[in-house]
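Residue numbers (my numbering): 593 to 794.
A short worksheet on the structure shown next.
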């Protein structure tokens, strides 16, 4: 991630512990509810959430995971997430710069959640992230990506470009696609069965 992006996050966290209104805003609360509802499994063994921000999504993912690693580039975000999930011993929060730094222990992951992160990466970093996902996603693993679709100055890639690359590079099948004017959520898996098939309804 570039120094420009690092300065951007420094400025945001200097002004607020919740720069994107993740706690109180209906937009963000609704988006989290959709994110969680689109996961095809009720429970996951080992999950990874890079770019955890202040931990609001992390706290809800923790209720669905036996073990969860959350990470962020920014020291303040890591501190806030650790406070937010202090009640959840199955969660480990690390400071790291993905994709260059990736959890060496804890995988393979049967869930990777990339939320509002990948468009801050340049083309080479995005390719590297897709490769890391492909390397560490379990044979039955789920990948979920959620990104803001409107243009903004700090993004290197449009959300649709990010999701198209994940679709092509991560060795998965797309299970669901939710698109609105503001954001897009895609879910892929190495287990191509639908939720009904997994439940034995078909």
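C-beta atoms are modelled at their ideal positions from N, C-alpha and C, and glycine is treated no differently.
Because the structure is a prediction, the values reported are computed rather than measured.
Between residue 681 and residue 767 the beta-carbon gap is near 30 Å, outside 8 Å, which marks them as no contact. Residue 751 and residue 653 have their C-alpha atoms spaced approximately 22 Å apart.
When the beta-carbon positions are compared, residue 670 and residue 683 stay at least 7 Å from each other.
Here residue 672 is near residue 647, since their CB atoms are less than 7 Å apart.
Within the stretch 725 to 779, the runs of beta strand (DSSP E) that reach at least 3 residues and sit entirely inside it are, in chain order, 729 to 740, 765 to 771. Secondary structure remark: continuous alpha helix (DSSP H) runs of at least 4 residues inside the stretch 667 to 705, in chain order: 667 to 676. With contacts defined as CB atoms closer than 7 Å, residue 677 and residue 642 fail to qualify as a contacting pair. When only Cα atoms are considered, residue 703 and residue 783 end up about 12 Å apart. CA-CA distance, residue 664 to residue 645, rounds to 6 Å.
When C-alpha distances from residue 708 are compared across 668, 651, 741, the shortest belongs to 741.
Taking a C-beta distance under 7 Å as the contact criterion, residue 698 and residue 661 qualify as a contact pair. Bridge pairing for residue 664: 687 [DSSP].
Looking only at 771, 619, 758, the smallest Cα-Cα distance to residue 718 is reached by 758. Distances from the CA of residue 734 to each of 656, 599, 779, 753 were compared; the closest alpha carbon is that of 779. Around the C-beta of residue 694, 16 or more other C-beta atoms lie within 10 Å, and the residue is accordingly described as buried. Taking each of 730, 728, 744 in turn and checking the Cα distance to residue 712, the smallest one comes out for 744. The C-alpha of residue 710 lies about 14 Å from the C-alpha of residue 688. With respect to residue 638, residue 659 sits close: the two C-beta atoms are nearer than 7 Å.
Rounded to whole angstroms, the gap between the alpha carbons of residue 747 and residue 716 is 14 Å.
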